[in-house]
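A quick write-up on the structure given underneath.
Residue numbers (the numbering used here), protein chains in the order written: chain C, 5 to 274; chain R, 201 to 469; chain F, -9 to 235.
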């Protein structure tokens, strides 16, 4: 429980400051100042995280970058959640040839080097944030699908499901009322963990120039700039790196905490 | 009952979780060569009472009173001393034969484990002892190299019994040891337990919720309800002339063969 | 009039393949089972674990289909399972659980409300106290009452009871058995009562079938089975019952 609270608090702080970026930031993230004194300034009270090679305020750029990271994380996961739960549910509930087909697709998804797939697709469709979200979502549903299928397989044999069937309850209602609510606990856990990994993928893509395009800021492309000045402008790599680390860690903390809280064996039993 | 023969005495045992009292002032004695049945419904505290004899209860439980085994108060012993008593002098047969065994270890090895933990003996010597035990619980010697899942429920329960007897204990605690078995198998296992008990002059604490088994196996009976012993006496007196209202209900509410009652008495204040 | 007619049913389960070189061997769960039950009577089905009695229960209510043979159960039917922990949805309140069968039949809200209230009373549960509680907040006996209420919310003709009291304490068991007898009398129900406990079956049943390894070894009226059993297995079972006094 403690871990969930800490993780959630950190995410909340990041999310709120990202939403309120125009107020909090203090600088326009795109505003350049190419005078000699303005570029590559060390962190100071004026520029908390320093400035980059074009004299832009890194703190402001990171706040706007947080919008990108968080929204990519959430939207990608929602897309994979919808696909994963739908296919996994159908597969586990109905079984038979439908199950066989879906499981083969899942296996194919598993055996693809996902990151290269994403890179390829983004290269074809053009690198922008919407494409990145959609592609990450479309390529990361396989583990979720397996998880949901396994839950459905065990739940559909439970006595209360048999009972509902005897009473003439429709398949749709059985899934919605009896199976899905009981199958969701592990799904929530896996979801929070995948938000973290989606953020990592987005950062990596942006770092490689395949995600958010400059001059729009994202944590990944701030790192790209930082790479060139790593010898003397440490703040350009340290702060976005830390931001990614802390955000992903917080999501993992929530996930791990949820795993314990939602485990029916840990409490609930009288 | 001759007081000199008592080998285990529980006196004023009280167990608490937090501020809640789950077992209150429980006292009884076990005597060599006698079977004591501890009867109660779920939540009566009978299993916790048994577990407290070997300090097997969860750590957040706070215990008061004394449990004396051959003059030693078990509550005053340290971990190492308790470990020596577990298995060597007092051992326990658990309820669930399916989950009480390691599924990937051969049965013979699991029985031998107890010997290895407590005694220095040569390999052939240990094997000899295990085979002897298998014969004692009326299992085939081939069982030595079987895995638990290859055995029936009854055979598994026999193996657990052999595991408990491996170090020649003086006190045996059976925690609902026959509850999960089919009736026909249950009967055989109880006969086996009775024979071994007589042969070795064991003191047995038999925990059950089922009064009809009490009649088969016990010499003395304690009836527990909500953490308190409500009745304590010889089998004959408790079964034929129960003094406590609750005991009477428990005995009366089980349907008997040839029962002509239309309703069973079950309401209890 | 026979309300249940089972004729020569067979049911096999396919064993999971453990290795590719092994053949998938079917396990016979039920072989060539026939019986019938008159309206308002109780058919007792006795047998030890894995004898196929639960398979018959599931076939009776249509959860499983037999491989061959005919099953005819006239009227509405339902089932009560052994394990009251797994038979109630942990995320629904007792009222939601009991009322679901009416809800899916598009019955009006106020009518459902009165009917559910009535049923709770019938199984001796306090409606106001219980309605918003979840399954894990009830004791085993109360859960079993909720399971019975869920079945009886529809106007039932046949109730299949698959070991309904074997996971309960004896006093609670007695309460449930009494309740089942009362309900049968008041609602003219037909029971198929499945148990491993011959004493409980004797208390409940009119006709008894003894099952072993998927088929009946003996079937007769209660008096015949208990006073002059013909089959050796029946005799063994009867002699294994410990006498309480």
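The beta-carbon is built from N, C-alpha and C at its ideal position, and this holds for glycine as well.
- Contact between the region 132 to 139 of chain C and the region 21 to 36 of chain F is absent, with fewer than three C-beta pairs closer than 8 angstroms.
- Residue-level contact check: residue 162 of chain F touches chain R, since one or more beta carbons of chain R fall below 9 angstroms from its beta carbon.
- Under the DSSP definition of a beta bridge, residue 269 of chain R partners with R:208 and R:272.
- When C-beta atoms of the region 445 to 463 of chain R are compared with those of the region 185 to 193 of chain F, three or more pairs fall below 8 angstroms, so the two segments count as touching.
- Taking the CA atoms as reference points, residue 150 of chain C sits about 35 angstroms from residue 138 of chain F.
- In this structure residue 349 of chain R is exposed. Its beta-carbon is surrounded by fewer than 16 other beta-carbon atoms within 10 angstroms.
- For the set C:265, C:263 and C:257, the Cα lying nearest the Cα of residue 10 of chain C is the one of C:257.
- Contact of residue 164 of chain C with chain F is assigned, a C-beta pair being separated by under 9 angstroms.
- According to the DSSP assignment, residue 210 of chain F belongs to the beta strand (DSSP E) that extends over 205 to 211.
- For residue 43 of chain F, the enclosing alpha helix (DSSP H) covers residues 43 to 51.
- Checking the DSSP bridge columns, you'll see residue 236 of chain R partnered with R:405 and R:420.
- One finds 81 in chain F with Cβ atoms closer than 7 angstroms to the Cβ of residue 185 of chain C, taken in chain order.
- Contact of residue 109 of chain F with chain C by beta-carbon distance below 8 angstroms is absent, the smallest such distance being about 14 angstroms.
- For a Cβ distance threshold of 7 angstroms, residue set 166, 169 and 170 of chain C lies close to residue 53 of chain F, ordered along the chain.
- With distances taken between CA atoms, residue 249 of chain R lies nearest to R:407 out of R:443, R:407 and R:367.
- A buried status is given to residue 239 of chain C, since no fewer than 16 other beta-carbon atoms sit within 10 Å of its beta-carbon.
- Buried is the label assigned to residue 33 of chain C, since at least 16 other Cβ atoms lie within 10 Å of its Cβ.
- Contact check for residue 213 of chain C against residue 232 of chain C fails: the beta carbons are separated by 9 angstroms or more.
- Looking at the DSSP output, residue 216 of chain R shares a beta bridge with R:221 and R:262.
- Proximity of the region 67 to 77 of chain C to the region 213 to 223 of chain C meets the contact definition, three or more beta-carbon pairs being nearer than 8 angstroms.
- Chain order gives no chain F residues near residue 422 of chain R, where near means a beta carbon separation below 9 angstroms; the closest approach is about 17 angstroms.
- The closest CA to that of residue 265 of chain R, considering only R:256, R:259 and R:252, is found on R:252.
- Sorting R:358, R:445, R:328 and R:329 by C-alpha distance to the C-alpha of residue 339 of chain R places R:358 at the top.
- For residue 195 of chain F, no Cβ of chain R is located within less than 9 angstroms of the residue's own Cβ.
- Interface residue (Cβ-Cβ distance to chain R less than 9 angstroms): residue 118 of chain F is not classified as such.
- Distance from the Cα of residue 165 of chain F is smallest, within the candidate group F:135, F:141 and F:152, for F:135.
- In chain R, no part has a C-beta under 8 angstroms from the C-beta of residue 75 of chain F; the shortest such distance is about 13 angstroms.
- Of all residues in the region 15 to 44 of chain F, those with a C-beta nearer than 8 angstroms to a C-beta of chain R are 38 and 39, reading in chain order.
- Residue 24 of chain C: not part of any alpha helix (DSSP H); DSSP gives it neither H nor E.
- Against chain F, a Cβ distance below 8 angstroms from residue 72 of chain C picks out nothing, because the smallest value is about 36 angstroms.
- In the three-state DSSP reduction, residue 98 of chain F falls in the coil class, being neither helix nor strand.
- The shortest CA-to-CA distance from residue 168 of chain F to any of R:438, R:455, R:370 and R:240 is the one to R:455.
- When the Cα atoms are used, residue 241 of chain C and residue 253 of chain C turn out to be separated by approximately 18 angstroms.
- Per DSSP, the beta-bridge partners of residue 2 of chain F are F:18.
- Counting only Cβ-Cβ distances below 9 angstroms, residue 300 of chain R has no contacts in chain F at all, with the closest Cβ about 18 angstroms away.
- No residue range can be given for residue 378 of chain R, since it is assigned to no alpha helix (DSSP H) and is classified by DSSP as neither H nor E.
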